């Protein structure tokens, strides 16, 4: 006796699935090319827009302003002079500046409404009263500390030299070098222009005490450009603190991103061990004014005057008031003329690139959902494909597709000159994109667990792609750029994969923009240390979420109702619990609910089958291919509807070499029984054993030796018949020449080998050809158990007869369970039959036994004119007094004649005599058919159930 064949190895299954996927994708070449060309289209669009913008920026209104000094006779300018003095604000950035202007050195002063004052969190008594903010009169404070308080306070008192009574000075650079002045404007990234000296701005002179005369309006000229400034005095107040940690704490509490009330100071000085023999000082200053991030150019901080002020104060303390160390001015380096550029790819590419990368998500999602919707996933599983190879190959295929897609995208973007790719370091891009595409694949597997409809999955997939991109550009971006928005909430929002992708692309885009604007590199690995660079946190979030989503996706795939097969227990991963729940043939557990009621109501043959099952459960026999033990399936009602009992405690034994046929009306429960046996649904109670393996616990092992021909043809439309058989043959552990022979034999057996039909795609097959292919798939690899659900549906008579020969030949080495509505098919193929009505067997036996048991009558049919019907009935009563009329219409009548009352010769003799007086057009006498048995049993069972 042949033992069941072992399962195909992990590598064999993976190889089979990989080859199948490659064939499918080869047939979808046009779609794949279209997907690949989409990013090229976006890149080309960006290049076109970039060229349009470049041509616009090349116009005179964006070039350095000029004035004509000399014209020709025809009015053309022959000599002109260009410079910032002739330029608008739009033009000044492109002007050459061989001699940059000199600007007084200033310090950064907090805005009047942000200057430090006494608050609940900073209750120092020496801080100004908070009401000073209402009148905009708060002093500008400096915090000082040191080992020697007397020395520190003495130096700090000289930080702000007293201004002479009048500002009528001809040399303002000299004047501002002798005092300390400041501005609350945001500094620029260059010192070619100092925004504090723009017309209409206020310049603050910091003094120990202010007088009204110190606030004036003056005119100042530098580089030929006149400025009108408002000079205003503000009191400078040095405040002592005991330790540097107190100062740090006070600065931190007043920082604008801490979420409390803003309390800003000019600076802080820690004089350490300063003595008359040496100055040692640490200076605190607000470095956030440099705007050191990828979103703008880095500003130059107003720090030199802070250092000069403390140095000058120390010298005056040690050497006297006559000693000065002046900082006369600050200036930028000379600048050549430049053209104004706007890197559109770095600014607008974030949204477009988000869409480009996410475009693969709905592609992967629909691929996974399609296999579930068409039940191809469970079909592969039923023929031995394990979850491990399926996940590995599917994931690897998506990963390879994504890597090629992204490489093509990056290479093409670099070749056409997009700074987004060329300026940022390629290694950072590679790591980020690798993490991103892996997260996207995990997300596709996770989301696929919630869908069984390709249309719904497609709609949701594209809604996610475009929705996450738009929300990222017009909502999430504002939270990222808002420095007052809590960073923790930004990280929470980045849990949404679309937002984390957008944030990473946003960082790359901003670094590329600033890098290309100032002629440096974009994002490097060192840039990850920048305080406001979120790339590092983004990659951490994406990496963690990648692992979490992958685990959740696998878990849901195993336990969800929408997964690919029988839903596992939510605690399936705890093997100890699984072992406790397991039941084997060697340790049977008989808990037969309502067994007494069942036995009382069952027919004797069905009750006998139940006893045989119990006997084999106690004393197993290797020749028993299938043992069903009280299988029961209940579909729970919804919306107030009652429960539907589909299978009512079915018990059955099927030996090897037998074909068992299930007959029954639609809705009787046949398909529910088959679905439980092949793993599509889980039994409500009871179990079944296939070659000793429990369908509740060992379905994965059962699939290795099982073949299935489902009611619908579960096929890939783009694969050929031969490719289907090669794939499923490999899953059955066939290799090499054995596989080739099995495929050729299968095609010939179902008449698909002529005219190279096996090499044609399935979408070109007729319904009957697809059905024959499904039968061939169920038999390839010599499975020990085969389930066929209406295998001959849609076949012509010749093909049906050929199929019957195939099944009769196949059942010699295996057990077959077959459902059909064809009584002829059941009688030809099946060794045993069971008529299944309302979830239970009504009778069991071979076709001859059933006809003998439920027949016992002849069917007499006669056709006469309608007015002779009564005479015909009188004739029938003569040779069969107990005859039962079962049909009559327009002169055609049918009668059931008990066999014990009738002799066939006597019937013939009486009919021949009756022809002399009756117009008998046709008549016949036939034995009971299987169809008659089926109708009688089905009607009787339905009447009984209605009565019960």
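Residue numbers (our numbering): 519 to 1466.
Backbone N, C-alpha and C fix where the C-beta goes; we use that ideal spot for every residue, glycine too.
Quick caveat, the model's predicted, so the values are computed rather than measured.
| Check | Outcome |
| --- | --- |
| What are the start and end residues of each continuous beta strand (DSSP E) run of 3 or more residues lying completely inside the segment 572–638, in chain order? | 584–589 and 595–600 |
| On the CB-based measure, 16 or more other CB atoms within 10 Å of its CB, does residue 460 come out buried or exposed? | A question about residue 460 goes unanswered here, because the residues of the chain that appear run from 519 up to 1466. |
| In chain order, which alpha helix (DSSP H) runs of at least 4 residues are fully inside the segment 729–800? | 762–771 |
| Where does the unbroken alpha helix (DSSP H) through residue 1204 begin, and where does it stop? | Counting along the chain, residue 1204 falls outside any alpha helix (DSSP H), though it belongs to the beta strand (DSSP E) covering 1203–1208. |
| Sorted by chain position, which residues of the same chain lie with C-beta nearer than 6 Å to residue 956's C-beta, five sequence neighbours on each side aside? | 1064 |
| Quick one: grab the DSSP three-state call for residue 1454. | helix |
| Per DSSP, what are the beta-bridge partners of residue 1414 in this structure? | 1377 and 1402 |
| Specify, as a first and last residue, the run of the beta strand (DSSP E) that residue 720 falls within. | 720–725 |
| With distances taken from CA atoms, which of 1447, 1380, 1403 and 1386 is nearest residue 1340? | 1447 |
| Which residues in the same chain as residue 823 place their Cβ atom closer than 7 Å to its Cβ, once the five residues preceding and following it in sequence are excluded? | 623, 624, 625, 698 and 845 |
| Is residue 1227 helix, strand or coil by DSSP? | strand |
| Do you know offhand how far residue 556's Cα is from residue 1278's? | 31 Å |
| Hey, could you find the ends of the beta strand (DSSP E) residue 1362 is sitting in? | 1358–1363 |
| Using three-state DSSP, classify residue 692 as helix, strand or coil. | helix |
| So, at 6 Å on beta carbons, what are the nonlocal neighbours of residue 539 in its own chain, with the 5 sequence-adjacent residues on each side left out? | 915 |
| What residue does the alpha helix (DSSP H) around residue 1217 start on, and which one ends it? | 1217–1222 |
| Starting from residue 1150, follow its DSSP beta bridges and name the residues at the other end. | 1203 |
| Does residue 841 come out as helix, strand or coil in the three-state DSSP assignment? | coil |
| Report the CB separation of residue 785 from residue 799 in whole angstroms; it is logged as a contact under 8 Å. | Wrong, their Cβ atoms sit about 11 Å apart, outside the cutoff. |
| Among residues of its own chain, excluding the 5 on either side of residue 1097, which ones have a beta-carbon nearer than 8 Å to its beta-carbon? | No answer about residue 1097 holds up, because its pLDDT of 47 lies below 50 and its placement is not dependable. |
| Give every residue of the same chain whose Cβ lies closer than 7 Å to the Cβ of residue 1099, excluding the five residues on either side of it in the sequence, and list them in chain order. | Legend: pLDDT at residue 1099 = 47, less than 50; position of this residue unreliable, no value from coordinates given. |
| With distances taken Cα to Cα, identify the nearest neighbour of residue 1467 among 870, 630 and 921. | Not covered by the structure: residue 1467. The range shown for the chain is 519 to 1466. |
| Might you give, ordered along the chain, the residues of its own chain that have their beta carbon closer than 8 Å to the beta carbon of residue 997, omitting 5 neighbours on each side? | 1003, 1007, 1008 and 1011 |
| Suppose the cutoff is 6 Å on Cβ atoms and the five residues either side in sequence are ignored; what does the same chain contact list for residue 1269 look like? | 1320 |
| Using DSSP with H/G/I as helix, E/B as strand and the rest coil, what is residue 666? | coil |
| Compute the Euclidean distance between the alpha carbons of residue 803 and residue 995, then round it to the nearest angstrom. | 29 Å |
| Measure how close the beta-carbons of residue 710 and residue 581 come, nearest whole angstrom, since I'm counting them as under 8 Å. | Not quite, the Cβ-Cβ distance comes to about 17 Å (not below 8 Å), so this is no contact. |
| Can you confirm whether the segment 924–938 touches the segment 1046–1056 when touching is taken to mean that 3 or more C-beta pairs between the two stretches lie within less than 8 Å? | no |
| Alpha carbon to alpha carbon, how far is residue 1346 from residue 1362? | 16 Å |
| Could you tell me which residues DSSP pairs with residue 701 in its beta bridges? | 626 |
| Excluding five sequence neighbours on each side, which residues of the same chain lie with their C-beta closer than 6 Å to the C-beta of residue 1078? | 967 |
| Between residue 1206 and residue 1149, how many whole angstroms is the CB-CB distance? I'm expecting something under 8 Å. | 6 Å |
| Quick check: residue 1227 and residue 1349, are their CB atoms within less than 7 Å of each other? | no |
| For residue 1289 and residue 1264, I'd like the C-alpha separation in whole angstroms. | 13 Å |
| When the distance is taken between beta carbons, is residue 648 closer than 7 Å to residue 636? | yes |
| Determine the direct distance from the alpha carbon of residue 974 to that of residue 982, and round the result to whole angstroms. | 12 Å |
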